[in-house]
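Numbering of the sequence shown is given in our numbering, commencing with residue 1 and proceeding in unit increments. Yeah, the Cβ is synthetic: ideal placement off N, Cα and C, and Gly gets one too. Because the structure is a prediction, the values reported are computed rather than measured. Report on one structure; see the data block that follows.
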Amino acid sequence: MKPFTYVAPTSLREAHQVLAKAKGPGDIRALVGGSDLVDQMRVNRRTPSVVLDIKRIPEMKRLQWLPRSGLHVGAAVSCTDTASFPAVAQHYGSIHESCQLVGSTQIQNRASMAGNIGNSAPSGDTIPGLITFGAKVLLTSPRGKRPVLLEEFFTGPGQNVCAPDEIIQEIIVPPPPANSSGHYLRFIPRNEMDIAVAGVASMITLDRRTHRCTAARIALASVAPTPVRAKAAEAVLEGKQITAALIREAGEKAVEAARPISDVRGTIEYRKELVKVLTRRTLRLCLDSLGQKVD
Ligand SMILES: Cc1cc2nc3c(=O)[nH]c(=O)nc-3n(C[C@H](O)[C@H](O)[C@H](O)COP(=O)(O)OP(=O)(O)OC[C@H]3O[C@@H](n4cnc5c(N)ncnc54)[C@H](O)[C@@H]3O)c2cc1C
Numbered sequence: 001m002k003p004f005t006y007v008a009p010t011s012l013r014e015a016h017q018v019l020a021k022a023k024g025p026g027d028i029r030a031l032v033g034g035s036d037l038v039d040q041m042r043v044n045r046r047t048p049s050v051v052l053d054i055k056r057i058p059e060m061k062r063l064q065w066l067p068r069s070g071l072h073v074g075a076a077v078s079c080t081d082t083a084s085f086p087a088v089a090q091h092y093g094s095i096h097e098s099c100q101l102v103g104s105t106q107i108q109n110r111a112s113m114a115g116n117i118g119n120s121a122p123s124g125d126t127i128p129g130l131i132t133f134g135a136k137v138l139l140t141s142p143r144g145k146r147p148v149l150l151e152e153f154f155t156g157p158g159q160n161v162c163a164p165d166e167i168i169q170e171i172i173v174p175p176p177p178a179n180s181s182g183h184y185l186r187f188i189p190r191n192e193m194d195i196a197v198a199g200v201a202s203m204i205t206l207d208r209r210t211h212r213c214t215a216a217r218i219a220l221a222s223v224a225p226t227p228v229r230a231k232a233a234e235a236v237l238e239g240k241q242i243t244a245a246l247i248r249e250a251g252e253k254a255v256e257a258a259r260p261i262s263d264v265r266g267t268i269e270y271r272k273e274l275v276k277v278l279t280r281r282t283l284r285l286c287l288d289s290l291g292q293k294v295d
């Protein structure tokens, strides 16, 4: 492991003073749970000269739900605290589910959604659900703040739009439209402690009177260089009364967004099949939650 300096500022101002000295991409790395970063540093996959522990900064611990702006999850909030926050269980099913899937109880107690996002692996389990709910990350730097739509945040495996002096301050998830439901499922070869071979989050909004689908969002993990939205599959459902045939068609269309690779966990064909199956299943879960029967 390359030698590094550890700093744990107690205010955003102090953190900005540290970030202002960033020498280039990856020179300063934020630390929350360390469940990705520490191991990556041990094997020299990430070699920061400064590790910036953000857990003592009050703004990073924010966990709040406001009817107008929605859910605010500070970057240092753990997956455990996120999953057990009542508004998350009530309004954002897929986020609730995915925070309880990351690793194990011990990992969830340390790890954060911001770390999952900052690590920028295509397999990050908390990311698809956040994308389907239109989440943004609020980036902070000595130069100011800027919100970035999460679906536009990732640029490649392990890479994102953060400048060297920028870190995530919080994740903001807008309030979902009335009569919406979201679910996340992943496939792993064993019950826990593995990386998703494929993961799918779906979010459906139905008109209360006509039961037509007014909004559909589907996002995929582990089947492309970054998490991706399956827009062609969403278009199959929007504006329509959802039937079993449409669910099947959406599953087929979701595959168009996938650019999977073959690796030890699965082949390209296997991953494509998983996308179909998980898309169908998450859509059915959403409709079940909304009390909508499908023929
Ligand atoms: C045993 C084990 C099982 C795991 N299982 C899963 C799993 O099932 N699903 C899954 O998705 N992941 C899994 N992981 C990976 C990891 O736990 C998650 O990605 C987790 O969410 C990372 O959060 P963290 O707070 O520990 O991140 P850290 O390790 O602290 O940080 C991860 C990366 O994000 C960056 N970062 C952290 N905070 C910020 C910020 N505020 N702004 C910008 N960048 C930031 C860091 O610099 C680093 O590059 C597992 C890891 C282990 C060790």
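Spatial neighbours of L66 in its chain, beta-carbon cut-off 8 Å, leaving aside the 5 residues before and after: By one-based count along the sequence shown, residue 66 stands at place 66. The residues are H72.
Helix, strand or coil at D303 according to DSSP, with G and I counted as helix: Residue 303 falls outside the range modelled here, since the chain spans only 1 to 295, and no answer is possible.
Q169 Cβ short of 8 Å to ligand 1 heavy atom set: For this step, residue 169 is matched to residue 169 along the sequence shown. Yes - ligand 1 has a heavy atom lying nearer than 8 Å to the Cβ of Q169.
Closer than 8 Å: M1 CB and nearest ligand 1 heavy atom: Translated into positions along the sequence shown, residue 1 becomes position 1. No, Cβ of M1 sits at least 8 Å from all heavy atoms of ligand 1.
beta-carbon S11 near ligand 1 non-hydrogen atom, thresh 8 Å: Start at 1 with the first residue of the sequence shown, and residue 11 comes out as number 11. Incorrect: S11 has no Cβ contact closer than 8 Å to ligand 1.
Length of the line joining the Cα atoms of S78 and N109: The residue given as residue 78 occupies position 78 in the sequence shown. The residue given as residue 109 occupies position 109 in the sequence shown. Taking the straight line joining both Cα atoms gives about 6 Å.
8 Å Cβ shell around A20 - same chain, five flanking residues per side excluded: Walking along the sequence shown from the start, residue 20 turns up at place 20. For A20, where only same-chain residues beyond five positions count, the Cβ hits under 8 Å are P142, D165.
From T279, V264, P260, P175, residue whose alpha carbon lies closest to that of R271: On the sequence shown, residue 271 is found 271 positions in, with the first residue counted as 1. Checking every option, the nearest Cα to that of R271 belongs to P260.
Simplified DSSP state of D53, which is helix, strand or coil: Residue numbering aside, residue 53 sits at position 53 when the sequence shown is read from its first letter. DSSP places D53 in the strand class (E or B) of the three-state scheme.
CA-to-CA distance, E234 to A245, given in whole angstroms: The sequence position of residue 245 within the sequence shown is 245, counting from 1. The sequence position of residue 234 within the sequence shown is 234, counting from 1. Rounded to the nearest angstrom, the gap between the Cα atoms of A245 and E234 is 14 Å.
Residues near G124 in its chain [Cβ-Cβ closer than 6 Å; skip 5 each side]: Position 124 of the sequence shown, counted from the first residue, corresponds to residue 124. Cβ neighbours of G124 beyond the five flanking positions: N116.
DSSP three-state assignment for A221, whether helix, strand or coil: On the sequence shown, position 221 is the one that residue 221 refers to. Looking at A221 - three-state DSSP - the assignment turns out to be strand.
Proximity of S180 and I204 at Cβ, strictly below 9 Å: One-based indexing of the sequence shown puts residue 180 at position 180. One-based indexing of the sequence shown puts residue 204 at position 204. In this structure, I204 lies closer than 9 Å to S180 by Cβ.
Check: S35 C-beta below 8 Å from any heavy atom of ligand 1: Here residue 35 is taken as the residue at index 35 of the sequence shown, counted from 1. Residue side-chain check: S35 places its Cβ nearer than 8 Å to a non-hydrogen atom of ligand 1.
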